[in-house]
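Notes follow once the structure below has been shown.
Number of protein chains: 4
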Amino acid sequence: MSEQDKSTLHSMTEELSEAENMTPKQIKILEAAIEIIAEKGYSATSTSEIAKRAGVAEGTIFRHYRTKKDLLISIVKPIITHFSAPFFAKKFVKEVFQDTHTNFEDFLYAFIKNRFEFVKSNIPLLKILLQELAFHPEIQGTFKKVFMEKIYPAINRTLTLYKEKGQIKDLPNDTIIRMMAPTIIGFLITRFIVQPDKEWDDEAEIKETITYIMNGIGK
Amino acid sequence: MSEQDKSTLHSMTEELSEAENMTPKQIKILEAAIEIIAEKGYSATSTSEIAKRAGVAEGTIFRHYRTKKDLLISIVKPIITHFSAPFFAKKFVKEVFQDTHTNFEDFLYAFIKNRFEFVKSNIPLLKILLQELAFHPEIQGTFKKVFMEKIYPAINRTLTLYKEKGQIKDLPNDTIIRMMAPTIIGFLITRFIVQPDKEWDDEAEIKETITYIMNGIGK
Amino acid sequence: MSEQDKSTLHSMTEELSEAENMTPKQIKILEAAIEIIAEKGYSATSTSEIAKRAGVAEGTIFRHYRTKKDLLISIVKPIITHFSAPFFAKKFVKEVFQDTHTNFEDFLYAFIKNRFEFVKSNIPLLKILLQELAFHPEIQGTFKKVFMEKIYPAINRTLTLYKEKGQIKDLPNDTIIRMMAPTIIGFLITRFIVQPDKEWDDEAEIKETITYIMNGIGK
Amino acid sequence: MSEQDKSTLHSMTEELSEAENMTPKQIKILEAAIEIIAEKGYSATSTSEIAKRAGVAEGTIFRHYRTKKDLLISIVKPIITHFSAPFFAKKFVKEVFQDTHTNFEDFLYAFIKNRFEFVKSNIPLLKILLQELAFHPEIQGTFKKVFMEKIYPAINRTLTLYKEKGQIKDLPNDTIIRMMAPTIIGFLITRFIVQPDKEWDDEAEIKETITYIMNGIGK
DNA sequence: AATGAATGAGGATTCATTCAT
DNA sequence: GATGAATGAATCCTCATTCAT
Chain A
9 MSEQDKSTLH SMTEELSEAE NMTPKQIKIL EAAIEIIAEK GYSATSTSEI AKRAGVAEGT
69 IFRHYRTKKD LLISIVKPII THFSAPFFAK KFVKEVFQDT HTNFEDFLYA FIKNRFEFVK
129 SNIPLLKILL QELAFHPEIQ GTFKKVFMEK IYPAINRTLT LYKEKGQIKD LPNDTIIRMM
189 APTIIGFLIT RFIVQPDKEW DDEAEIKETI TYIMNGIGK
Chain B
9 MSEQDKSTLH SMTEELSEAE NMTPKQIKIL EAAIEIIAEK GYSATSTSEI AKRAGVAEGT
69 IFRHYRTKKD LLISIVKPII THFSAPFFAK KFVKEVFQDT HTNFEDFLYA FIKNRFEFVK
129 SNIPLLKILL QELAFHPEIQ GTFKKVFMEK IYPAINRTLT LYKEKGQIKD LPNDTIIRMM
189 APTIIGFLIT RFIVQPDKEW DDEAEIKETI TYIMNGIGK
Chain C
9 MSEQDKSTLH SMTEELSEAE NMTPKQIKIL EAAIEIIAEK GYSATSTSEI AKRAGVAEGT
69 IFRHYRTKKD LLISIVKPII THFSAPFFAK KFVKEVFQDT HTNFEDFLYA FIKNRFEFVK
129 SNIPLLKILL QELAFHPEIQ GTFKKVFMEK IYPAINRTLT LYKEKGQIKD LPNDTIIRMM
189 APTIIGFLIT RFIVQPDKEW DDEAEIKETI TYIMNGIGK
Chain D
9 MSEQDKSTLH SMTEELSEAE NMTPKQIKIL EAAIEIIAEK GYSATSTSEI AKRAGVAEGT
69 IFRHYRTKKD LLISIVKPII THFSAPFFAK KFVKEVFQDT HTNFEDFLYA FIKNRFEFVK
129 SNIPLLKILL QELAFHPEIQ GTFKKVFMEK IYPAINRTLT LYKEKGQIKD LPNDTIIRMM
189 APTIIGFLIT RFIVQPDKEW DDEAEIKETI TYIMNGIGK
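Written as structure tokens, this is what we have:
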């Protein structure tokens with residue numbers, strides 16, 4: 009697995025701390041914040057609780073993040089970026105366009121597998137994103153931008169390509185996306201948030217999901 | 009449209025106030041609470057803001073609802089109940105089992121149409137439910153109970169029936185549900201929450217959704 | 009036992025309601041108020057709690073008592089009056105001055121016995137008086153007035169008489185009172201408030217108390 | 009006067025602040041709380057009033073004491089402890105048992121004198137203790153514990169010793185205590201709480217009190 | 001960089017009291 | 001007389017944030 013691959017998969021918490029030059033305390037703060045906010049929601053989480061869990065003084069948080077909201081943003085923005093990363097990673101592009109996956113089904117498998125691992129490694133972060141997206145225009149803005157500029161075009165190109173290859177139905181891309189997206193996202197949410205404790209046969213589930221999608225949009 | 013039908017569709021806010029003997033102020037409080045909580049989330053909503061919007065004194069809220077959480081619960085519980093209502097309404101059962109809808113596709117259409125209208129009339133309520141479900145065990149409990157005791161059995165019976173009729177694939181019911189549910193729910197969320205302002209051709213969307221589902225699970 | 013005697017002994021709660029023309033609800037309110045205030049103190053007792061315990065609406069209290077404090081006063085004032093009653097009851101005076109009790113010891117016994125029964129029948133009322141005396145100037149005023157005008161003169165006369173009879177030491181009355189009072193009051197407080205649940209041999213305790221007092225001030 | 013002696017006498021307010029490492033504001037809070045609670049009672053005292061009198065923000069109170077009740081407890085507990093201190097102080101024990109006071113009267117004088125000074129230096133604290141003892145089980149518990157484990161045994165030993173020495177009557181210790189205690193406590197309450205403003209000849213009063221007690225229980 | 005005491009605005013909730021019915 | 005809905009000031013307490021050390 010290439011370096012790049014890894015970076016789109018493994019836990020962002022670790023990454024955050026590597027990337028920027030963070031003090032150990034700052035990392036503790038981030039970790040504590042993610043844990044608690046994922047559990048109780050941003051508004052219901054107090055900075056003092058974060059400080060306590062992180063083992064730092066209350067003031068320390070504000071040394072690193074001007075406001076509580078800043079802390080939220082600096083948790084949420086990187087996930088958005090990372091979430092979109094594979095869509096314009098060289099590898100992604102190459103594979104799709106250079107026949108590494110000759111058929112759509114293989115591509116779908118690789119894609120779902122990749123996002124599955126990403127979600128698996130970042131459940132609390134994504135829970136936070138999912139919840140707070142609803143309430144914070146800044147986050148919505150960032151998300152929309154990334155989606156419109158990165159994710160949507162990449163998917164568009166990919167779908168067009170496979171349509172040209174004659175492997176999927178000749179529906180408008182938007183329609184295809186509106187069908188596929190809930191199926192994949194719904195699976196991931198069910199798997200990791202609604203029923204995380206159930207014993208899942210992940211491989212089988214992924215394959216069934218692909219079959220369902222292929223029935224819906226495949227030729 | 010029968011009386012019964014209506015009761016599963018139209019706005020619950022009205023209904024709440026009709027059912028119980030509420031004072032005008034109490035209704036104002038409920039309406040204001042629903043509006044603001046849907047917009048900002050439960051935790052970020054202050055009782056003083058609710059009071060102001062409702063045009064009552066802050067103390068009045070606590071005369072009707074012992075705590076802020078009580079207010080939330082009394083907003084959320086009825087939606088859960090109402091959401092499940094059609095699944096065990098006589099009409100629902102009759103239609104499904106007495107050949108009113110002879111084929112699954114017709115049934116699906118009627119069902120999605122019905123839930124579509126319900127969601128349309130109760131967006132803020134459902135937004136609140138969706139958000140707060142994540143944080144309040146009491147709500148989770150109520151939801152799980154209604155789902156396991158009412159919704160799930162009804163769907164199960166229906167699917168079994170149509171499988172016997174040979175109209176849908178012979179997959180395990182759970183698998184079918186896991187496929188259909190995100191497709192339908194995903195459509196409704198996209199339609200009413202993610203992109204409520206887009207100009208939608210609802211009839212066309214519903215039909216496409218049905219086609220997609222039928223491709224996935226139909227024979 | 010004469011009518012008059014009884015009136016200085018039995019529970020004042022009953023009496024209050026007989027005396028004035030009170031509605032049943034008002035009596036309920038008084039009873040509830042006495043119970044709760046004795047238990048938690050005036051300040052910590054809410055009118056709504058009183059209303060609930062009394063089984064009346066919140067507003068009803070204020071129909072009978074202009075303010076919460078009025079309610080306290082109308083509980084406390086009668087006890088003060090009643091507490092002082094025997095000191096100027098005809099019988100008290102007669103007995104002391106007309107040789108019914110020829111010696112001080114007999115008088116003391118009759119006196120302590122009488123006050124013992126009074127306290128026994130009015131514990132909650134007296135608890136309230138004891139507690140609230142400290143904080144409410146109005147109550148202090150009433151108490152001082154009754155004490156200076158009724159109780160103190162009566163005791164004074166009595167002590168002087170028995171001094172003349174040569175049955176008690178020739179100490180200043182004030183000194184005698186300062187010795188006797190805590191002994192008697194201390195006994196009653198210990199008996200009914202500090203250790204009400206202990207098994208007491210009341211007769212023996214009273215006699216010991218008298219002996220102790222007589223040793224201290226008797227000749 | 010030895011260091012030890014002093015610690016059983018002088019104002020506890022000072023001591024509290026020396027002992028623990030308190031910030032100046034915390035001391036101010038304690039002082040203000042003691043003043044106001046002694047005057048109006050715990051329940052009738054608001055934290056905002058305490059804050060105002062202490063010259064701090066209301067929030068500051070809760071930084072030092074988790075709840076208002078915590079504040080009360082941390083005022084009241086130390087008095088209980090200090091009140092009992094002399095009973096098991098080395099000096100107390102030594103003097104009693106090693107013939108420093110050969111007779112009971114001298115011992116009584118020293119004892120009353122010592123407690124007299126303690127009360128004099130801690131009137132507000134003791135007022136609070138006296139009032140709130142009635143309503144707070146925690147305080148009652150602490151008090152009972154200290155009394156049963158420290159004060160009562162010490163007094164018991166002392167009385168037994170003096171009985172053996174033949175200086176006091178051969179009554180049960182409990183009886184002796186029930187006589188002496190109200191006499192001494194009653195004197196202190198009259199002196200400092202009931203009539204603090206009267207001009208007292210303290211030395212004379214103490215001697216009279218002793219005489220009274222000795223008549224009652226002395227041989 | 002880190003602390004933690006201090007703040008004061010704002011939080012939910014309670015309260016005594018009023019008033020239309 | 002009695003009700004109970006309504007009030008809004010006041011209650012205890014929490015919060016994000018600041019600042020001197």
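Residue numbers (this note's numbering), protein chains in the order written: chain A, 9 to 227; chain B, 9 to 227; chain C, 9 to 227; chain D, 9 to 227.
Note that CB positions come from ideal geometry on N, CA and C, so glycine has one too.
Option in the options with minimal Cα separation from residue i
{"i": "Y50/B", "options": "H90/B, I136/B and R61/B", "result": "I136/B"}
{"i": "L138/C", "options": "I201/D, T55/D, V84/D and F151/D", "result": "I201/D"}
{"i": "M156/D", "options": "L133/D, H144/D, D182/D and L134/D", "result": "D182/D"}
{"i": "H90/D", "options": "A118/D, T75/D, N122/D and R74/D", "result": "N122/D"}
{"i": "F95/B", "options": "K48/B, I120/B, I42/B and L80/B", "result": "I120/B"}
{"i": "L38/C", "options": "L79/C, T53/C and K153/C", "result": "L79/C"}
{"i": "T219/C", "options": "T110/C, K85/C and D114/C", "result": "D114/C"}
{"i": "K85/D", "options": "V154/D, R199/D and P204/D", "result": "V154/D"}
{"i": "E228/A", "options": "T110/A, A41/A, I42/A and N29/A", "result": "Absent from the model: residue 228/A. The displayed extent of chain A is 9 to 227, so no value can be given."}
Under 9 Å by beta carbon: chain D residues contacting residue i
{"i": "E43/C", "result": "Result: empty, since nearest Cβ-Cβ is about 14 Å, beyond 9 Å."}
{"i": "T198/C", "result": "R186, A189 and P190"}
Neighbouring residues, chain C, relative to residue i (Cβ below 7 Å)
{"i": "G224/D", "result": "Y220, N223 and G224"}
{"i": "E216/D", "result": "T183"}
Residue environment, residue i, which counts as buried when at least 16 other CB atoms sit within 10 Å
{"i": "G174/A", "result": "exposed"}
{"i": "N130/D", "result": "buried"}
{"i": "R186/D", "result": "buried"}
{"i": "M188/C", "result": "buried"}
{"i": "P180/C", "result": "exposed"}
{"i": "G149/C", "result": "exposed"}
{"i": "Q6/B", "result": "Given that chain B is displayed from residue 9 to residue 227, the structure contains no residue 6/B and the question cannot be resolved."}
{"i": "T217/D", "result": "buried"}
{"i": "G63/B", "result": "exposed"}
{"i": "R74/C", "result": "exposed"}
{"i": "K77/B", "result": "exposed"}
{"i": "D210/C", "result": "exposed"}
{"i": "I197/C", "result": "buried"}
{"i": "T31/C", "result": "exposed"}
{"i": "T53/C", "result": "buried"}
{"i": "S10/A", "result": "Its pLDDT being 42, under 50, S10/A is placed unreliably in this model, and the value from its coordinates should be taken loosely. When all chains shown are included, S10/A counts as exposed."}
Interface partners of residue i on chain B, CB under 9 Å
{"i": "F143/A", "result": "E47, K48, G49, A52 and Q139"}
Cross-chain neighbours of residue i in chain A, by beta carbon under 8 Å
{"i": "F195/B", "result": "R186 and P190"}
Residues near residue i in its chain [Cβ-Cβ closer than 7 Å; skip 5 each side]
{"i": "E66/C", "result": "T55, S56 and A59"}
{"i": "A41/A", "result": "I58, L79 and I83"}
Anticipated Cβ contact below 8 Å, residue i with residue j, distance rounded
{"i": "R71/C", "j": "I44/C", "result": "Their Cβ separation, rounded to whole angstroms, is 19 Å, which puts R71/C and I44/C out of contact at 8 Å."}
{"i": "I83/D", "j": "L133/D", "result": "7 Å"}
{"i": "L141/A", "j": "F126/A", "result": "Their Cβ separation, rounded to whole angstroms, is 17 Å, which puts L141/A and F126/A out of contact at 8 Å."}
{"i": "N223/A", "j": "N223/B", "result": "5 Å"}
{"i": "F195/D", "j": "E213/D", "result": "7 Å"}
{"i": "E143/C", "j": "K48/D", "result": "Note that residue 143/C corresponds to Phe in the displayed sequence, not to Glu. Contact flag correct, Cβ pair sits at about 6 Å."}
{"i": "E146/D", "j": "I81/D", "result": "6 Å"}
Residues near residue i by beta carbon distance below 8 Å, same chain, minus five either side
{"i": "I221/D", "result": "L116, M187, M188, T191 and I192"}
{"i": "K36/B", "result": "A62, G63 and V64"}
Same chain, Cβ closer than 6 Å to residue i, neighbours up to 5 away in sequence not counted
{"i": "D13/B", "result": "Note on D13/B: pLDDT 46, under 50, position unreliable in the model; no value is reported."}
{"i": "D205/B", "result": "none"}
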